[in-house]
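So the sequence lines, in the order shown, correspond to chains A and B. The numbering used here puts the first residue of the first sequence at 83, with every later residue one more than the last. The numbering used here puts the first residue of the second sequence at 671, with every later residue one more than the last. Positions of the beta carbon are idealized from the N, C-alpha and C atoms, including for glycine.
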Amino acid sequence: MSGALGVVALLALLALGVPIGVAMGLVGLVGMTLLLGPEPALIKSSVVFFETLTRFELGVLPLFLLMAHLCFAAGASRDFFSAAASMVGHRRGGMALATIAGCAGFGAVSGSSLATAATMGQIGLPEMRRRGYSTAFAAGSVAAGGTLGSLTPPSGALIVFGIIAEQSIGRLFTAAIVPVITQALLYMLAIVVLCRIRPGIAPPSQRVSWRERGAAIVRVLDLAALVALVLVGIAVGWFTPTEAASIGATLALVLCALRKRLTWDSFCEALALTLKTSGMLYVVIIGALIFAAFMSFTGLAEQIASLVHGMNSGPVTTIVIIALLLLLLGSVLDGLALMLLTAPILLPITTALGISPIWFGIFFVRTMEIGFVHPPVGINLYVMHSIAPDIPIGRVFKGVLPFLAADFLHLALLIAVPGMALALPRWLE
Amino acid sequence: MDPVSSPQRQPRGLLFYAGSAGLLCMMLVEAAAVIGRHVGIPVMGALEIVQAAIVPAACAGMLIATLRGAHAAVHMLTARLPATARRWTGRAGALLAGLFFAALCSGAAWLGVEYWNTYEQSEVLHISFRPLRVLVALTAAALAAAFIKAAFRPGKSA
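So, in structure tokens, the structure goes:
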């Protein structure tokens, strides 16, 4: 009962616009005060506060953010897009394919859906419009492609999930690789099918010479090598995620200098943005951990788990129900709030059913991603609308529908074939 | 996480320099430790230095995010409210945040006092936890003050 009241109170605070971390921490603190008394509640919350700020593993967050900002300063977004555009841009729907590939590449350095959609939208959207693409199709492909940023390692969402769920961030990153590749391939398939059905939405354009293609590919080799080093290093155990993040940030700084893009201003800007974002995330994580402590005292997760167990519904049915719940909540809550609110409750339920927490993390972020492009919140769609205000939001929604269908197909595949996420980490071990 | 690109130049001050120092210290020490391990020259206690360097970076980051009003929040409902109601919900939210951090400040100070004479320190480099505890308590106090100030700032929502 107290757990359910806590969730209701949290939703009310979130609806009133209270910062997510503060709302979670406050509900956790007040809830523990009511359950355990003021002294244990205050001590528990303060211990969480201090331990979170001194936690070595959390260093991964600001360091990967710094790597992202430095890669951005080095021109990663434009170079990834240019390389993909030079290879396939001349084909029917080729610029949309290039946008998806660019999003996957840039997602690997940004680790964020919003950042990927906003950045690639500023590059890919005008280019597609210039070449006569349908505005709905162009905006839809960038908005959908942006979601790749959430799952592509080193993903911020996976880092936060790993911390909240106390799972290996390295294993989560490795487990995300195949789902990200299949997700990108399904988006590309959606583009090819759409262009076959309605060729007018994405006309072909002039082919660039092999010399220009070669030059565009060479320009991204250093960035691709950096991403590959970080991911392979974590996957094969050369370094821990925190070490990989520090190596990634250091090399990104070197790349920035080698590309002659490192100025005092760009360096300070990268640091300032990293501090601001990581500060925001620290408040969220502290609040979420206090809320999770409260939830563990209420026994809400165990009660729901026994309810689910009593229904004899089996893991697949439970996961489908959870997916529907997350999609429903994802249409009114943003991704971070959704994860922090539900992960502490849902994780014990799925663990009790014998579902791997690593698989659940991938499934969770994948489901959360869909919330970025489905109405009424669909934050990526509004990002597209803000980049190109002359494209009505209704057309952006319409444009994303085929990609949404690909998303649901991909989610169904992930549920039906858990090995998509689990095979690679198991094989590497 | 945030959009990577920001059209506005971020302001720089003491918090920026303190946080950046912590961030760069983490980055360089950890990178040196990895390289050292692979070439056979281990950097002893790198983990402990990183652990200590995170604190100023995280504390400065939280304060910068608060002073810039950059905390993540759900605006779906409040964005549809009239301006006055939006201002008042903003004030109420800031006040609640102030009270939350004031509570954490008192808890952090309490724990700091409890542990003061236990001489908490790291194992290899013997880095004392005392300054870290002081910094954490001061940060909570500064966060509480910043939120409460925002709640009572005339004519502005928090």
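Per DSSP, which one or two residues make a beta bridge with residue i?
| i | result |
| --- | --- |
| residue 829 of chain B | As shown, chain B starts at 671 and ends at 828. That puts residue 829 of chain B outside it, with no answer to give. |
When the Cα atoms are used, what is the spatial distance from residue i to residue j?
| i | j | result |
| --- | --- | --- |
| residue 689 of chain B | residue 317 of chain A | 30 Å |
| residue 702 of chain B | residue 355 of chain A | 24 Å |
| residue 672 of chain B | residue 455 of chain A | In this prediction, residue 672 of chain B has a pLDDT of 41, which is less than 50 and means its spatial position is unreliable; what the coordinates show is noted afterwards. Computed Cα separation, rounded: 17 Å. |
| residue 329 of chain A | residue 780 of chain B | 38 Å |
| residue 377 of chain A | residue 113 of chain A | 9 Å |
| residue 496 of chain A | residue 242 of chain A | 21 Å |
| residue 431 of chain A | residue 290 of chain A | 54 Å |
| residue 236 of chain A | residue 467 of chain A | 27 Å |
| residue 315 of chain A | residue 326 of chain A | 7 Å |
| residue 463 of chain A | residue 368 of chain A | 30 Å |
| residue 133 of chain A | residue 413 of chain A | 33 Å |
| residue 334 of chain A | residue 683 of chain B | 25 Å |
| residue 213 of chain A | residue 480 of chain A | 20 Å |
| residue 232 of chain A | residue 787 of chain B | 45 Å |
| residue 302 of chain A | residue 131 of chain A | 41 Å |
| residue 149 of chain A | residue 306 of chain A | 13 Å |
| residue 436 of chain A | residue 387 of chain A | 12 Å |
Is DSSP giving residue i helix, strand or coil here?
| i | result |
| --- | --- |
| residue 761 of chain B | helix |
| residue 234 of chain A | coil |
| residue 164 of chain A | helix |
| residue 685 of chain B | helix |
| residue 151 of chain A | helix |
| residue 210 of chain A | helix |
| residue 455 of chain A | coil |
| residue 464 of chain A | helix |
| residue 106 of chain A | helix |
| residue 827 of chain B | Residue placement at residue 827 of chain B is flagged as unreliable, the pLDDT there being 46, under the threshold of 50; the coordinate-derived value follows with that caveat. Of the three classes helix, strand and coil, the one that applies to residue 827 of chain B here is coil, per DSSP. |
| residue 673 of chain B | Unreliable placement is indicated for residue 673 of chain B, whose pLDDT of 39 sits below 50; the coordinate value is still reported in the next sentence. DSSP places residue 673 of chain B in coil when its eight states are reduced to three. |
| residue 253 of chain A | helix |
| residue 419 of chain A | helix |
| residue 393 of chain A | coil |
| residue 320 of chain A | coil |
| residue 436 of chain A | coil |
| residue 229 of chain A | coil |
| residue 265 of chain A | helix |
| residue 100 of chain A | coil |
| residue 746 of chain B | coil |
| residue 473 of chain A | coil |
Quick test of your reading: residue i and residue j, contact by CB under 8 Å. State the CB separation rounded to the nearest angstrom.
| i | j | result |
| --- | --- | --- |
| residue 729 of chain B | residue 806 of chain B | 7 Å |
| residue 803 of chain B | residue 778 of chain B | 7 Å |
| residue 262 of chain A | residue 230 of chain A | 6 Å |
| residue 725 of chain B | residue 135 of chain A | 6 Å |
| residue 300 of chain A | residue 101 of chain A | Contact doesn't hold; Cβ gap of about 45 Å is too wide. |
| residue 178 of chain A | residue 484 of chain A | Contact doesn't hold; Cβ gap of about 11 Å is too wide. |
| residue 821 of chain B | residue 761 of chain B | 5 Å |
| residue 722 of chain B | residue 797 of chain B | 5 Å |
| residue 166 of chain A | residue 183 of chain A | 4 Å |
| residue 152 of chain A | residue 350 of chain A | Between residue 350 of chain A and residue 152 of chain A the Cβ distance is about 12 Å, and since that is not below 8 Å, they are no contact. |
| residue 108 of chain A | residue 817 of chain B | Contact doesn't hold; Cβ gap of about 12 Å is too wide. |
| residue 258 of chain A | residue 444 of chain A | 6 Å |
| residue 293 of chain A | residue 157 of chain A | No, residue 293 of chain A and residue 157 of chain A are not in contact; Cβ-Cβ is about 20 Å, not under 8 Å. |
| residue 405 of chain A | residue 493 of chain A | 6 Å |
| residue 324 of chain A | residue 193 of chain A | The pair is not a contact, with the Cβ atoms about 14 Å apart (cut-off 8 Å). |
Quick one: using the 10 Å Cβ neighbour count with 16 as the cut-off for buried, is residue i buried or exposed?
| i | result |
| --- | --- |
| residue 288 of chain A | exposed |
| residue 126 of chain A | buried |
| residue 358 of chain A | buried |
| residue 719 of chain B | buried |
| residue 347 of chain A | exposed |
| residue 223 of chain A | buried |
| residue 228 of chain A | buried |
| residue 403 of chain A | exposed |
| residue 164 of chain A | buried |
| residue 754 of chain B | exposed |
| residue 791 of chain B | exposed |
| residue 741 of chain B | buried |
| residue 83 of chain A | exposed |
| residue 210 of chain A | buried |
| residue 199 of chain A | buried |
In chain D, what lies closer than 7 Å to residue i by C-beta?
| i | result |
| --- | --- |
| residue 745 of chain B | Annotation note: the requested chain D is absent from the structure, which comprises protein chains A and B. |
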